[in-house]
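Asks: Position 218 (the sequence shown) corresponds to 216 in the numbering used here; numbering is contiguous.
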Amino acid sequence: MRIAEFETVTPRLSEASLPYRLEQNGSNLGNTLTLVILASLAALILTPFVILLTYIASDPFTRDALTAQPAAAIEIALGISVASALIGWPLRTLVHRLGSHRIVEIDANEIRVTDQGLWRRHTWRQPITAYLGLTHHLRTTNAGPRHELILVHPTRRYHVLVALADRMTDIEVAAAASRLGVPLVPPAQLYRLPKTLPPTIAATPEPQLATHDLPAAAGA
């Protein structure tokens, strides 16, 4: 699951103790409403194809015509396949999201993440030393700005959300990094992460302007 899909993280990191066990959940209500709307749209789009197939199956003259002109049959089959794929893929994604949640377990040595859904369960692990640090990320949502604390990994799919809130102070961010034993890193590292990138970025010295002696003015 993507970090943006989670809406709750419990308990708060400041209220937990090592080893941490955090539960993250998305919005099942929103996913359900979207699924109902998309399913209704799918029915409207696929109904003409169902009627057409029913007509072909019941009319021998139409079947004979399609047999004589296989190109027309291929076009109909392609249309049905494309429509089914355009509707079926989002439906499949939404069904997988229903009831999905994530469990994050953090100890002194590693991070273990378990994603659970209606029909699947997936677990992966990463050593804590593989993470570059903790970043304070501000995300814009329909409900307004959302503050997130994310453990940053050189591989994007291993980023881990550990806290979110409507407001977050610099003191809270620094305290969370201290509790996890990792440095603070800039949010830009969430999106540009070559494996050799160091966890901190050195400040670039300001360029010095060259000075030149002006020639003495010629006498009148």
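Even for Gly, the Cβ is constructed at its ideal location relative to N, Cα and C.
Is the distance from the Cβ of residue 70 to the Cβ of residue 76 below 8 Å?
Replies: no
Asks: Please tell me whether residue 175 has its Cβ less than 8 Å away from any Cβ of chain B.
Replies: Structure shown: chain B not included; a single protein chain is present.
Asks: Less than 8 Å between C-beta atoms, sequence neighbours within five positions excluded: which residues of the same chain meet that for residue 176?
Replies: none
Asks: Give me the Cα-Cα distance between residue 167 and residue 173, rounded to the nearest whole angstrom.
Replies: Distance between the alpha carbons of residue 167 and residue 173 is about 10 Å.
Asks: What are the complete beta strand (DSSP E) segments, minimum 3 residues, inside the segment 37 to 67?
Replies: none
Asks: So residue 114 packs on residue 156, CB below 8 Å; how close in whole Å?
Replies: No, residue 114 and residue 156 are not in contact; Cβ-Cβ is about 18 Å, not under 8 Å.
Asks: Measuring straight from C-alpha to C-alpha, what distance separates residue 223 and residue 56?
Replies: Nothing about residue 223 can be reported from this structure: the residues present for the chain run from -1 to 218 only.
Asks: Excluding the five sequence neighbours on either side, which residues of its own chain have a C-beta within less than 6 Å of the C-beta of residue 185, listed in chain order?
Replies: 133, 135
Asks: Quick one, which of 107, 17, 129, 164 has its alpha-carbon nearest residue 183's?
Replies: 129
Asks: In three-state DSSP terms, what is residue 90?
Replies: helix
Asks: Nearest-angstrom Cα distance between residue 142 and residue 118?
Replies: 32 Å
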